[in-house]
Structure formats: structure tokens, C-alpha cells
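Asks: Below is a structure I'd like to ask you about.
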Amino acid sequence: MNDLSQAPVRDTAYNFAYLDEQTKRMIRRALLKAVAIPGYQVPFGGREMPLPYGWGTGGMQLTAAILGDDDVLKVIDQGADDTTNAVSIRRFFARTAGVATTESTPDATVIQTRHRIPETPLHADQIMVYQVPIPEPLRFIEPSETETRTMHALNDYGVMHVKLYEDIATFGHIATAYAYPVMVDERYVMDPSPIPKFDNPKLDMSPALMLFGAGREKRLYAVPPYTKVTSLDFEDHPFEAQKWEECCAICGSRDSFLDELILDDAGTQSFVCSDTYYCAQRVSQQEQGQ
Amino acid sequence: MNQALKNQVSVSTEPLLRVRDLSLLYGLEKGCQDVSFDLYPGEVLGIVGESGSGKSTLLSLLSGRLPPQRGNIGYRDKQGQWLDLYSASEAERRTLLRTEWGFVEQNPRDGLRMGVSAGANIGERLMAQGVRNYQQLRGAGLDWLSQVEIDPQRIDDLPRTFSGGMQQRLQIARNLVSSPRLVFMDEPTGGLDVSVQARLLDLLRGLVRELDLAVVIVTHDLAVARLLADRLMVMRRSRVVETGLTDQILDDPQHPYSQLLVSSVLQP
Chain A
1 MNDLSQAPVR DTAYNFAYLD EQTKRMIRRA LLKAVAIPGY QVPFGGREMP LPYGWGTGGM
61 QLTAAILGDD DVLKVIDQGA DDTTNAVSIR RFFARTAGVA TTESTPDATV IQTRHRIPET
121 PLHADQIMVY QVPIPEPLRF IEPSETETRT MHALNDYGVM HVKLYEDIAT FGHIATAYAY
181 PVMVDERYVM DPSPIPKFDN PKLDMSPALM LFGAGREKRL YAVPPYTKVT SLDFEDHPFE
241 AQKWEECCAI CGSRDSFLDE LILDDAGTQS FVCSDTYYCA QRVSQQEQGQ
Chain B
1 MNQALKNQVS VSTEPLLRVR DLSLLYGLEK GCQDVSFDLY PGEVLGIVGE SGSGKSTLLS
61 LLSGRLPPQR GNIGYRDKQG QWLDLYSASE AERRTLLRTE WGFVEQNPRD GLRMGVSAGA
121 NIGERLMAQG VRNYQQLRGA GLDWLSQVEI DPQRIDDLPR TFSGGMQQRL QIARNLVSSP
181 RLVFMDEPTG GLDVSVQARL LDLLRGLVRE LDLAVVIVTH DLAVARLLAD RLMVMRRSRV
241 VETGLTDQIL DDPQHPYSQL LVSSVLQP
């Protein structure tokens, strides 16, 4: 499972980590700006990547820009290390950068993710790279880009609560379950990419650096380590993460994010951890304990 | 009687809006030029004139949406401080527009958020002002729906399921919820049929008097002007040709154009 030992061979036909050095420099400059202004969306000259938009081009460009020789890369898709998207991106960087890859969360220095933050707590020398489809949290209510930029600049965020109001009016509670808007450092409203709201509390005061890249929209933004990140809510309808009555069918965890599986035509359900590394860890610990 | 007395009192105080030499020209006599007036708290000013005479341009200038080429607009805020509208920052202008001011568009579709429910439309200004209590927003929504004579049970319906007149009333509620002091209206009854117009006007007249609102209303309908406005400005070819009390202008117009305008109203 942990393939740290077998460092892959870099394909020298490509520049290190696929992108050319000027492009990586450009992205790094944008990243510095993003880190300096937490939650602010920085435009960057997004490049064509050898895969379609929506498959993680934004995250890959950021990963390419920050990757070094001695980095250890982990890629997850919906928490899983072994889905097509995760495997392909991991293989891509193993080939073009020759970096070591891993499925272990604590061993990784760079974690590119789609839709999840690992259950294992992150530590200070890790960087999370998120793949973002729509970076603009105000887009649902304001289609104009110039207008949303003005709204960010003037701290004009009243409309963000309109969405939450609509949820409560329709469903009786805030039903937004993913891409739940957050306020970063008490200044910028940010879309935390489509992570479930279960993961929102993990963003707050995280010791790891969080980078967000949107390839199609050509925007990137960041949450530096130990930054205050609060989820928007109402006084009488406070923010609440999802909870499950069931536990994971494999490892029995009661406090991880669970995926629902339908097992047969009768609708029999089963719940398993979405974070495959976390689940496997727990299972091996239980086996050792026996 | 009491109302008349109240108006007297408010008119005698300092003006709310002070406009001097306001000009914006798109071409020769296209746009508006050399407009000066004072608007007092609780006063309703009607701007009438033919199409293309610069009424809407003037309203855009006044409401801070379009910077003028010349002239200035002073606004006295709640604290009694004078604010020069176009030397103020955009942030200040926006704050003003969503707190102390309101703007009722001719077409309610421009003034409403059509994708969200009536209650959210009404609550938006309050949320922008920092109200974070759902029950309070809900209460304000129900209260204002009944004030503008919409069934409060329709609070969760989308505005596009409302009739034209209801949409217009919803737009008025959405603007008045933050208890503004000054409201701009661009032909609020245009595009509505006559009976709905009458109801809307009745409602508007009641709200304006009750809340002691200052209103600048643009209309080409002299009947609307007579019902709502205390004072009229007649515009023609980008200039104000005559100003005065509504009854005075409608019953005894002095300028030839005002005379033409008044005499051209169809009498059924």
C-alpha cells in the first residue's frame, strides 16, 4: 500500500512536473498573493492540461507548481486513494516529476484532493491542494463577474445569507451539504470547493496550508495555516455538520464521513468510510490488537 | 388635517437632498442639464415629461447609479451629516442604497431576485445590514407581505408565480423593509392595467404618508403625479421647464409645454 520505497523514474521527455518553469513561476507568484490575502481569489494564466476541465486541472497546476524532488504526493478523490481520478493523477506526477507517492496521510507532504479532507489530522509541514469547479461563492445569485468582484471588494455579503434563508424556508434547516460557504479571516467569503460541510470545521485553524485551484475559471485562492475559518449561519439555525446514526460497516468508525451504499434492489443500505486510508488503518489496528 | 400639519412641519426643516446644476448629456439636448432642486423630508417630488426628455437619466444620476458630468448632489444622512454623493466612496454609496434609500424599478423583474422566494427578497436588505436571526427575518417578511396586501401564506413562493401587480408590490415591500428615508421610483405603475394601477397608487399613497417617506417619482402619467406628488418638475429636451406645486402646475400651467402636456391628457 505504501509505495514510498520504490521511487518512480521520471520521464525526462517532460519538464519536471509537466509544466514549464515560467508557468510554474507565474503560478507561484499568484500563490504568494493568495496566501497573503486569505480567501481572496487570484486570477492566474491557467494552462491546458492533458486532461479535460473538471477532472482536476486547477489542482494539478498548483501541485505542479509547488512540487519538489523530495515531496511525497498523495491524491484522493472523494476520500478514496484508489479511484480512477486519484490513480491517474498520482501516476501522472510519478511519471512527469518522479516524486514518491503514498496513500498514507501522515507520510504525505502534498495532498491533492477532490471533495474531501482526510480524517487523520493534518500537520504543519503538509500542503492540501483542492480541485475547485466553481471558485465564486456568490455566483449562484450574481452571474456577473465584475459585480461579484465589487461585492468582495466592498465586503457586500448580504446575499450569501439569502441562500441559507432559502434553505431554511424550503427544508426547515440549512440543507446545503457541500460547498458550504465560509468566512475566511473575518474578511472574504470563500467557497471551500465541494467538500462536504462535515469537513468545514477541519479548515478552521488548520496547521496545514490549504491551496485551492480552479482550472476552468483560472482562479486560485488559499487558507494559510492557523487561519480562522467560520461557516456562515443564522443565530437561531447554527452551523451543523452531518451526523450518521450508523457506523462504518468495515471499521466500525462512528466519527468519520460515511458513504451510503445500496446493496440490492430492495434498497438495503450499508455505510462505509469515505476516507479509505483511515478505514484501512483502523482495520489493521484492530487486527493487531486481537 | 393632522397630516397636513405634519407635512408643514417637515417641509420647514432642512432639506434631505440638495441638487445643484446636475448635468449629463449624451448629445445635444439628450440627457439632462442644469437641474437644481431641494427635496425635503416627507416630500414627494414628481418628474413628468415626454419620452426622451431625460427623466430616467435624472433619476439614475440622483440615485447614485450614473456619475454626472457636472454638478453635485448633497444628501443629509440620519446623523444630519451632509454627504456629497459622487465624492463619497462606492462603498458608502452602496451602503446608502441598501439602507437609507430605496429604488423601485419600472419592471419588477429588474428590482427583484426572481430565483429566490418572496420572503428572501424582502429579507435581503436586512441580511445585508447584518440581521442573522431567521425568525426575525421571517417575521419581517410576513409583516411586509400583509402591509403590501399580499397573502402572507405566499411567503415561500417564487416571484415569478406572482401577477405583475403583486410583483410590483413585492418590490415595494423589499425596498421599504429597511425603513428608508428616500425612495426613487421609475414609473412604478407603468405596464399595469388600470384597476391594478389604482390599487397600487392607493397603497403607495398610504405608505408614503404613514412612513413619512421622501420620494422622487418619475412618471409620464399625470394622473399618477396628481395622486402622489406634492411638487412637480416638468422636463422637456433635457431641461426642467417648470416646477411648482402639483395642483398649481396641473390646473394652471405656465410654460407652453406644460400647457400642451396637461391639455393632451385624454378625458374619457
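Read top to bottom, the protein sequences are chains A and B.
With our numbering, letter number 187 in the first sequence gets 187, and the count goes up by one each step, no holes.
With our numbering, letter number 225 in the second sequence gets 225, and the count goes up by one each step, no holes.
Ideal Cβ positions, reconstructed from N, Cα and C, are used throughout, including at glycine.
Being a predicted model, the structure only gives us computed values, none of them experimental.
Across the region 105 to 122 of chain B and the region 154 to 174 of chain A, are there enough close Cβ pairs to call them in contact, namely three or more that are closer than 8 Å?
Replies: As far as the Cβ criterion goes, the region 105 to 122 of chain B touches the region 154 to 174 of chain A, which means the pair count is three or higher.
Asks: In chain B, what lies closer than 7 Å to F234(A) by C-beta?
Replies: Going along chain B in sequence order, the residues near F234(A) (Cβ under 7 Å) are R132, N133, Y134.
Asks: Short of 7 Å in beta carbon distance, which residues of its chain neighbour L142(B), apart from the five on each side in sequence? Order them along the chain.
Replies: P152, I155, listed in sequence order.
Asks: Would you tell me roughly how many angstroms separate the C-alpha atoms of F16(A) and R174(B), rounded to the nearest one?
Replies: Roughly 57 Å separates the two Cα atoms.
Asks: Of the choices L220(A), F171(A), L232(A), S206(A), whose alpha-carbon is the least far from that of P135(A)?
Replies: Out of L220(A), F171(A), L232(A), S206(A), L220(A) has the C-alpha closest to the C-alpha of P135(A).
Asks: If we ignore side chains and look at the alpha-carbon of each, how far apart do L122(A) and L51(A) end up?
Replies: Distance between the alpha carbons of L122(A) and L51(A) is about 29 Å.
Asks: Can you check the region 27 to 83 of chain A for any alpha helix (DSSP H) of at least 4 residues that lies completely inside it and give the ranges in chain order?
Replies: Correct list: 57 to 66.
Asks: Quick check on DSSP: helix, strand or coil for I111(A)?
Replies: Of the three classes helix, strand and coil, the one that applies to I111(A) here is strand, per DSSP.
Asks: Going by the DSSP bridge assignment, what does C273(A) pair with across the sheet?
Replies: In the DSSP output, where bridge partners are listed per residue, C273(A) has L258(A).
Asks: Between the alpha carbons of D185(A) and G52(B), how many angstroms are there, rounded?
Replies: Straight-line Cα distance between these residues: approximately 49 Å.
Asks: Am I right that R234(B) and S258(B) are in contact with their C-beta atoms under 8 Å? What's the rounded C-beta distance?
Replies: According to the sequence provided, residue 234(B) is Val. The question's Arg does not apply to it. With a Cβ gap of about 5 Å, V234(B) and S258(B) count as contacting.
Asks: Could you tell me whether the region 60 to 72 of chain A touches the region 144 to 158 of chain A, where touching means 3 or more Cβ pairs closer than 8 Å?
Replies: As far as the Cβ criterion goes, the region 60 to 72 of chain A does not touch the region 144 to 158 of chain A, which means the pair count is below three.
Asks: Residues of the region 145 to 172 of chain B in Cβ contact with chain A at a cutoff of 8 Å, in chain order, please.
Replies: Residues I155, D156.
Asks: Does D156(A) get closer than 9 Å to chain B when you measure Cβ to Cβ?
Replies: True, the Cβ-Cβ gap to chain B drops below 9 Å.
Asks: Just the C-alpha distance for V241(B) and V182(A), rounded to the nearest angstrom, thanks.
Replies: For V241(B) and V182(A), the distance between alpha carbons rounds to 54 Å.
Asks: Any idea what DSSP makes of K163(A), helix, strand or coil?
Replies: Helix, per DSSP.
Asks: Which of the three DSSP states is assigned to R18(B) in this structure?
Replies: Residue state, collapsed to three classes: strand.
Asks: With E240(A) as the anchor, note down where its beta strand (DSSP E) starts and where it stops.
Replies: No beta strand (DSSP E) contains E240(A), which DSSP labels as neither H nor E.
Asks: Any heavy atom of the ligand FMN closer than 8 Å to the CB of R154(B)?
Replies: Ligands displayed in this structure: none; no statement on the ligand FMN is therefore possible.
Asks: Can you tell me whether R239(B) is helix, strand or coil according to DSSP?
Replies: Three-state DSSP puts R239(B) in a strand.
Asks: Any Cβ of chain A within less than 9 Å of the Cβ of S117(B)?
Replies: It does: the Cβ of S117(B) has a partner Cβ on chain A nearer than 9 Å.
Asks: Can you pull the chain B neighbours of E166(A), defined as C-beta to C-beta under 7 Å?
Replies: Ordered by position in chain B, the residues that pass the 7 Å Cβ test against E166(A) are V116, S117, A120.
Asks: If you drop the 5 nearest sequence neighbours on each side, which residues of the same chain put their C-beta closer than 8 Å to that of A30(A)?
Replies: Excluding sequence neighbours, A30(A) sits near V42, P43, F44, L220.
Asks: Do you know offhand how far R240(A)'s Cα is from R132(B)'s?
Replies: Strictly speaking, residue 240(A) in this sequence is Glu, with Arg absent from that position. Using only the alpha carbons, I get a separation of about 16 Å.
Asks: Please classify F299(A): is it buried, with 16 or more other beta-carbons within 10 angstroms of its beta-carbon, or exposed?
Replies: Nothing can be reported for residue 299(A): it is not among the residues displayed for chain A, which extend from 1 to 290.
Asks: Of all the CB atoms in chain A, is at least one closer than 9 Å to the CB of R205(B)?
Replies: False, the Cβ-Cβ gap to chain A never drops below 9 Å.
Asks: Give, in chain order, every unbroken run of the beta strand (DSSP E) that is at least 3 residues long and sits entirely within the region 16 to 57 of chain B.
Replies: Segments of the beta strand (DSSP E) lying fully in the region 16 to 57 of chain B: 17 to 27, 30 to 39, 44 to 49.
Asks: Measuring only between beta-carbons, confirm whether R174(B) sits less than 9 Å from chain A.
Replies: Closer than 9 Å: no.
Asks: Could you name the residues of chain B that I141(A) contacts, counting a contact when the two beta carbons are closer than 8 Å?
Replies: Residues of chain B passing the Cβ test: R113, G115, V116.
Asks: Under 7 Å Cβ to Cβ from S56(B), same chain only, skipping five residues before and after it: list those, please.
Replies: These residues qualify, in order along the chain: D186, V218.
Asks: Could you tell me which of T95(B), L203(B), V262(B) sits nearest to L232(B), measuring between CA atoms?
Replies: Checking every option, the nearest Cα to that of L232(B) belongs to V262(B).
Asks: Using only CA atoms, which one of T189(B), V208(B), L201(B) lies nearest to R181(B)?
Replies: Checking every option, the nearest Cα to that of R181(B) belongs to V208(B).
Asks: Look at the alpha carbon of E235(A) and the alpha carbon of Y134(B), and state the distance between them as a whole number of angstroms.
Replies: Rounded to the nearest angstrom, the two C-alpha atoms are 7 Å apart.
Asks: Assuming I27(A) contacts G56(A) (C-beta within less than 8 Å), just tell me the rounded distance between them.
Replies: At roughly 15 Å, the Cβ-Cβ gap does not stay under 8 Å, so I27(A) and G56(A) are not in contact.
Asks: Please report whether the beta-carbon of V159(A) lies at a distance below 9 Å from any beta-carbon of chain B.
Replies: Interface residue, yes.
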